[in-house]
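Peer 1:
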Amino acid sequence: MNNLSCLVLVLTLFTGLTSCNSDKPVKEDKVEIQKETMNFEDKHTYAKPKEAVITHLDWKATVDFETKTITATAAYNIKRAASASKIIFDTKDSLDILAVRIDGKPANFEIGATDKFLGAPLTVELTKEAKQVEIDYKTNPSAAAVQWLSPQQTANKTAPFLFTQSQAILARSWFPIQDGPGIRFTYNAEVTVPKGMIALMSAENPTEKNESGVYTFSMKQPVPAYLMALTIGDVDYKKLGAHTGIYAESSLMEKAAYEFAEMEDMLVAAEKLYGKYQWEVYDMIILPPSFPFGGMENPRLTFATPTIIAGDRSLTALVAHELAHSWSGNLVTNATWDDFWLNEGFTVYFERRIMESLYGKDYAEMLAQLGYQDLLETVDGYMEDGQPKDTHLKLDLNDRNPDDGMSDIAYEKGYFFLRLVENTVGREKFDVFLKDYFQGNAFKVMTTEAFIIHLKANLLDSTTYNSIGADNWIYGEGLPDNLPAPNSNKFELVNAQIEAWKEGTAANKLTVVDWTSHEWLHFIRNLPMGLSFDKMKELDNAFKFTKSGNSEVLAAWFQHTIKNNYAPANQVMKDFLISVGRRKFLTPTYTALKESGKMAMAKEIYKEARPNYHSVSKQTMDELLGF
């Protein structure tokens with residue numbers, strides 16, 4: 007088969023991508039972009055989509071909280087090359103494959119050897135006319151994506167709860183799937199759950215419980231496997247705006263509705279920036295605190311941690327971030343996990359533009375400076391650990407867990423690269439470029455190499471591209487000298503108060519009126535290390551850090567309480583670690599305990615806390631603590 011034929015075949019196999027017709031003139035840059043976009047190898051899936059690829063899933067499942075199992079049938083519509091004799095799915099050992107059928111008739115299948123990261127390939131023999139593959143299976147309680155929660159682990163404490171978290175490659179732990187971000191499919195689902203509970207997915211969702219316990223779903227836009235999500239619980243729904251709403255347990259609803267009342271404004275601001283929201287509605291569910299991330303951008307239904315409920319709407323940048331993913335990530339998706347920065351760097355940039363639009367440049371610049379601080383710490387850590395290649399934007403995660411690439415490099419270094427490009431060409435021109443990028447590549451995948459071609463063809467000429475050292479940013483180590491470091495006027499005022507305190511001004515005499523969470527976070531982060539007990543007590547008495555209801559502030563304060571042996575915070579820290587499963591907070595807190603010679607305390611707390619954590623957090627903490 008010649009190169010052109012291969013290209014046409016590949017483009018045909020991937021849902022939603024434009025085919026290349028040899029009889030129509032096409033601009034050379036567009037052809038190259040298509041080639042680069044499609045001719046990639048995803049090292050984290052066994053699937054061979056150029057041979058046979060799924061296009062649609064019909065999923066019928068029954069969820070049993072008693073046995074912590076999901077029994078289901080997954081029926082896949084497929085496209086295949088004429089010569090294809092098999093189709094390959096990704097699985098984990100948490101799946102018991104019961105039967106496989108091709109177009110309704112029993113089919114031969116084989117489960118291969120298991121890899122510690124990738125799981126095992128499920129290879130199904132195809133008939134000559136095969137159009138649909140049906141797989142009957144059952145999960146076991148070890149499915150890594152799924153967390154089963156007892157009533158006591160929820161806010162209401164009256165009913166159990168379930169949620170999935172599939173990014174990066176955990177979808178294969180709860181359904182057999184071609185689990186690569188470059189493979190998109192539509193889906194319908196029917197899910198049966200215990201009566202009195204509601205099931206929700208990353209799809210068209212119900213807004214109230216029904217008596218049957220049977221719920222149906224439709225996702226008409228093609229999505230990759232990591233964006234298929236399921237949650238089940240005793241939650242209510244409250245509409246917030248024309249296109250937005252919130253799901254939460256009844257005891258949290260009032261707080262959640264207040265905290266996220268500006269979601270509709272965020273959506274309007276996002277559309278003004280980069281074009282129409284293409285997922286009809288934007289809802290959010292507040293999950294129990296064991297959720298391992300701040301949020302997950304599941305289409306139509308963002309999963310969010312309750313740790314962003316601060317009572318003053320001060321942590322809602324996370325909502326803007328997950329909303330921004332509706333364009334960068336969900337609409338235009340990284341082709342492989344090596345290209346993760348294309349999802350997250352763009353999203354951080356978009357998030358801060360939304361926040362700037364709503365709350366002003368000073369507010370957005372505070373977010374950028376906090377991100378810069380995180381980035382410096384991450385880069386220093388990788389360099390000290392002898393992992394300089396992990397500071398590249400374009401990663402090489404071969405033979406590694408793709409979760410290793412989910413660091414501040416993708417988020418913040420990616421953001422600052424885009425900020426550099428904006429500074430180089432001007433905001434007006436950059437905004438036009440981004441809007442066209444999202445619209446022109448909607449429901450498609452993107453590699454780093456394809457993006458570079460697109461960037462050169464539509465925004466930066468080669469001279470400008472080279473002058474800003476773009477390749478060094480993307481493929482080089484560390485942080486380039488031309489990083490456009492942020493400068494927050496509000497943080498300069500915070501710095502002045504820190505200096506005043508260091509020079510002898512009493513903490514309760516400092517000027518801190520109307521400070522936001524971001525200012526407090528900057529204040530705590532920049533306190534001198536090695537503070538005496540009396541100095542810690544002075545700060546705590548003045549500002550009530552140990553009693554803070556703001557998780558960001560509390561987690562930052564723990565860095566000082568641990569290292570300065572401030573015992574009055576120990577019980578609060580323990581309670582926090584037991585109740586909160588967000589990896590962003592767990593990792594630095596347990597690390598501080600470890601590095602401060604408090605390994606015994608860390609392991610004692612972790613032993614009690616571990617059952618409350620999702621597998622994503624367990625994996626990280628197990629490795630950190632040698633558990």
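Residues 7 to 633 in the numbering used here are what the sequence shown spells out, letter by letter.
From the three backbone atoms N, C-alpha and C, an ideal C-beta is built for every residue, glycine too.
1. Shortest alpha-carbon distance to G301 belongs to which of R589, G632, D628 and D396?
2. Three-state secondary structure (DSSP) at S334?
3. Would DSSP call H528 helix, strand or coil?
4. Is it buried or exposed, G351, if we count other Cβ atoms within 10 angstroms and call 16 or more buried?
5. Pick helix, strand or coil for N1, following the three-state DSSP scheme.
6. Could you tell me the distance, in whole angstroms, from the CA atom of A548 to the CA atom of F356?
7. When you compare the segment 162-169 with the segment 224-239, are there three or more beta-carbon pairs, one atom per stretch, that lie closer than 8 Å?
8. Measuring straight from C-alpha to C-alpha, what distance separates T322 and E265?
9. Within this structure, are the beta carbons of E131 and A113 separated by less than 8 Å?
10. By alpha-carbon positions, which one of A53, A267 and A491 ends up nearest to G125?
11. Tell me where the alpha helix (DSSP H) around G377 begins and ends.
12. Please look up how many angstroms separate the CB atoms of F223 and A209, rounded, as I've assumed it's under 8 Å.
13. What separation, rounded to the nearest whole angstrom, lies between the Cα atoms of E614 and Q625?
14. Determine the direct distance from the alpha carbon of I189 to that of T454, and round the result to whole angstroms.
15. If you check the beta carbons only, do Y378 and P492 fall under 8 Å apart?
16. Between E418 and D380, is the Cβ-Cβ spacing less than 8 Å?
17. Which residues in the same chain have their Cβ closer than 8 Å to the Cβ of I39, if we skip the five residues on either side of it in sequence?
18. Count the C-beta pairs between the segment 437-453 and the segment 272-282 that are closer than 8 Å, then say yes if the count reaches three, no if not.
19. When DSSP labels each residue in this structure, what does K450 get in the three-state scheme?
20. Once DSSP output is grouped into helix, strand and coil, what is the label at M579?
21. Less than 7 Å between C-beta atoms, sequence neighbours within five positions excluded: which residues of the same chain meet that for G118?
22. Could you give the first and the last residue of the continuous beta strand (DSSP E) run that contains T552?
23. Reducing DSSP to helix, strand and coil, say where E509 ends up.
24. Go through its chain and collect everything with a Cβ distance to N162's Cβ below 7 Å, but skip five positions before and after it.
25. Tell me, please, whether the segment 99-109 touches the segment 141-160 by the rule of three or more beta-carbon pairs shorter than 8 Å.
26. What are the boundary residues of the beta strand (DSSP E) that includes A310?
27. For D414, which of L399, N407 and I474 has the nearest alpha-carbon?
28. Between which residues of its own chain and M272 is the CB-CB distance below 6 Å, once the five residues before and five after are set aside?
29. Taking only three categories from DSSP, how would you classify P230?
30. In the DSSP output, which residue or residues are listed as bridge partners for V152?
31. Where does P55 land, buried or exposed, given buried means 16+ other C-beta within 10 angstroms?
32. Provide the residue span of the alpha helix (DSSP H) that contains G420, from first to last.
33. H327 by DSSP, collapsed to three states: which one?
34. Excluding the five sequence neighbours on either side, which residues of its own chain have a C-beta within less than 6 Å of the C-beta of Y82, listed in chain order?
35. Just to confirm my understanding: we take F551, look at its own chain, exclude 5 residues before and 5 after, and list those with CB closer than 6 Å. What are they?
36. Candidates D396, K435 and L307: which alpha carbon is nearest H249's?
Peer 2: So, to answer that:
1. R589
2. strand
3. In the structure shown, H528 sits in a helix (DSSP, three-state: H, G or I).
4. buried
5. Any question about residue 1 goes unanswered here, given that the chain covers just 7 to 633.
6. 37 Å
7. yes
8. 8 Å
9. yes
10. A53
11. K367 to E390
12. 4 Å
13. E614 and Q625: Cα-Cα distance of roughly 16 Å.
14. 17 Å
15. yes
16. yes
17. Note that I39 scores 40 on pLDDT, short of 50, meaning its location in the model is unreliable and no value can be drawn from it.
18. yes
19. Reduced to three states, the DSSP call for K450 is strand.
20. Three-state result, M579: helix.
21. A126, P127 and T129
22. Premise fails: T552 is in no beta strand (DSSP E) and is neither H nor E.
23. E509: coil per DSSP, three-state reduction.
24. Excluding sequence neighbours, N162 sits near D240, E255, S256 and S257.
25. yes
26. L307 to A310
27. L399
28. A326, L329 and I360
29. The DSSP-derived three-state label of P230 is strand.
30. T170
31. P55 is buried by the Cβ-count criterion.
32. G420 to V431
33. helix
34. I60, L63 and V139
35. Cβ within range, chain order: W563.
36. In terms of CA proximity to H249, L307 leads the group D396, K435 and L307.
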